[in-house]
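Numbering (my numbering), first residue to last: 19 to 155. A quick write-up on the structure given underneath.
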Amino acid sequence: MSTLLKNTIAVARASYFTNLIANSQNKPKAAWEIIKQNTKSPKLFENIKLQLDRNNTTSCPNEIASLFNKHFSDTAFHISSNLSNDQPCFYGLTHSHNSFFLSPVTHQETADIIQSLSNKCSTGVDDVCLLCSLKNR
Numbered sequence: 019m020s021t022l023l024k025n026t027i028a029v030a031r032a033s034y035f036t037n038l039i040a041n042s043q044n045k046p047k048a049a050w051e052i053i054k055q056n057t058k059s060p061k062l063f064e065n066i067k068l069q070l071d072r073n074n075t076t077s078c079p080n081e082i083a084s085l086f087n088k089h090f091s092d093t094a095f096h097i098s099s100n101l102s103n104d105q106p107c108f109y110g111l112t113h114s115h116n117s118f119f120l121s122p123v124t125h126q127e128t129a130d131i132i133q134s135l136s137n138k139c140s141t142g143v144d145d146v147c148l149l150c151s152l153k154n155r
């Protein structure tokens, strides 16, 4: 095959894929689909196995993600429910080099923020978007 023909095919191919991405409503997803189709590389990850108890394990990414989510969601609740009213409050602190402090939020505030996240972003193995941005409020 001549160099001219190879170059013409490469330019046409690049143009085709550029147009596919440009005309897509979800550009990151379209780009990753094109990469997947053209690399045909084997799966780069292996599902982890999580020991549920002595006899049961799971390797389902959605189930593992749900279990981690439940653990970390419940941890904050358990810690806060064990605090007594006479423990020092950190709300007055404005600056620290080694720490940061979060103000309490309600379940409704959390739900509102989650609902405002863009659903047009690419996800990882666990179907959780790492780079979702908040919509303008």
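Idealized CB from N, CA, C, for every residue including glycine.
Between K45 and I39, the C-beta gap is smaller than 7 Å, which places the two residues in contact.
Here T128 carries a helix assignment [DSSP, helix/strand/coil].
Annotated three-state conformation of Q69 is strand, per DSSP. Counting only residues of its own chain and dropping the five nearest sequence neighbours on each side, K67 has a CB closer than 8 Å to the CB of T75, T76, S77.
The three-state secondary structure of L135, taken from DSSP, is strand. Per DSSP, the unbroken alpha helix (DSSP H) holding L23 starts and ends at 21–40.
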